[in-house]
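Q: Below is one structure. I have some questions about it.
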Amino acid sequence: MASLRDALAGRMQLLVLQLEQQGSLDFRFRDTIQLKEIQGPYFFANLLPNFLSDTCETLRDLTNLVGAESMNFQAVYQAAIKLKGATASLGVCRMARSCGDLHRAASNRIPIRCACAVNELRLEFTQIYNRLEEIAQLERRLVAIRGS
2 MASLRDALAG
12 RMQLLVLQLE
22 QQGSLDFRFR
32 DTIQLKEIQG
42 PYFFANLLPN
52 FLSDTCETLR
62 DLTNLVGAES
72 MNFQAVYQAA
82 IKLKGATASL
92 GVCRMARSCG
102 DLHRAASNRI
112 PIRCACAVNE
122 LRLEFTQIYN
132 RLEEIAQLER
142 RLVAIRGS
């Protein structure tokens, strides 16, 4: 069991390191992983899938908002703030910066910049989604091993 646990933890660390090196994650992501020591073993195993699901939903909403005939800048602004808070808190720093771009574009009521920022967010999320999903799966397996 220990060797499987070590292999899973090693794979997870490698994925995090790769995402850090490409500038997608910062130190907050590792800090969040460590919170399971305080919050309990299921904390990170539940947090990451919820983040992925909520982010998919928010990006879907933003895509609809910027594609509307008459853009609701207040709704775009609020969604950008929500997503920026989630991404920054978790350490998904590249997306957090793009949320800032979207926030500024919505504040200045510039539709084309809003659309570009949402496209950038969708691209960034697409690029990291599979790796974050793999990290979530590895964490669930680690929790299951600890529980047995």
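For the sequence shown, the positions run 2 to 149 when my numbering is used. Each residue gets a CB set at the ideal place from its N, CA and C atoms; glycine is no exception. Since we're looking at a predicted model, the values are computed, not measured.
Checking 8 Å against the spacing of the C-beta atoms, do leucine 66 and alanine 80 come in under that value?
A: The answer is yes: Cβ separation under 8 Å.
Q: Using only the alpha-carbon positions, how far apart do aspartate 27 and arginine 61 sit?
A: Rounded to the nearest angstrom, the two C-alpha atoms are 25 Å apart.
Q: Along the chain, where does the alpha helix (DSSP H) that runs through valine 119 open and close?
A: Start and end: 112-148.
Q: Classify leucine 36 as buried or exposed, calling it buried when 16 or more other Cβ atoms lie within 10 Å of its own Cβ.
A: With fewer than 16 Cβ atoms within 10 Å of its Cβ, leucine 36 is classed as exposed.
Q: Could you give the distance in angstroms between the alpha-carbon of alanine 8 and the alpha-carbon of isoleucine 146?
A: Their backbone Cα atoms lie some 12 Å apart in a straight line.
Q: Specify the secondary structure class of asparagine 109 as computed by DSSP and reduced to three states.
A: Three-state DSSP puts asparagine 109 in coil, outside helix and strand.
Q: When you compare only the Cα positions, how much space is there between leucine 133 and asparagine 47?
A: C-alpha separation (whole angstroms): 13 Å.
Q: Quick check: the stretch 2-21 against the stretch 123-133, are there 3 or more CB pairs under 8 Å?
A: They touch, by the three-pair rule.
Q: Mind pulling the beta strand (DSSP E) runs of 3 or more residues that sit fully within the stretch 29-84?
A: Taking only runs of at least 3 residues, no beta strand (DSSP E) segment lies wholly in the stretch 29-84.
Q: Which residue from Phe45, Leu143, Val77 and Leu5 puts its Cα closest to that of alanine 116?
A: Minimum Cα distance to alanine 116 is reached at Val77.
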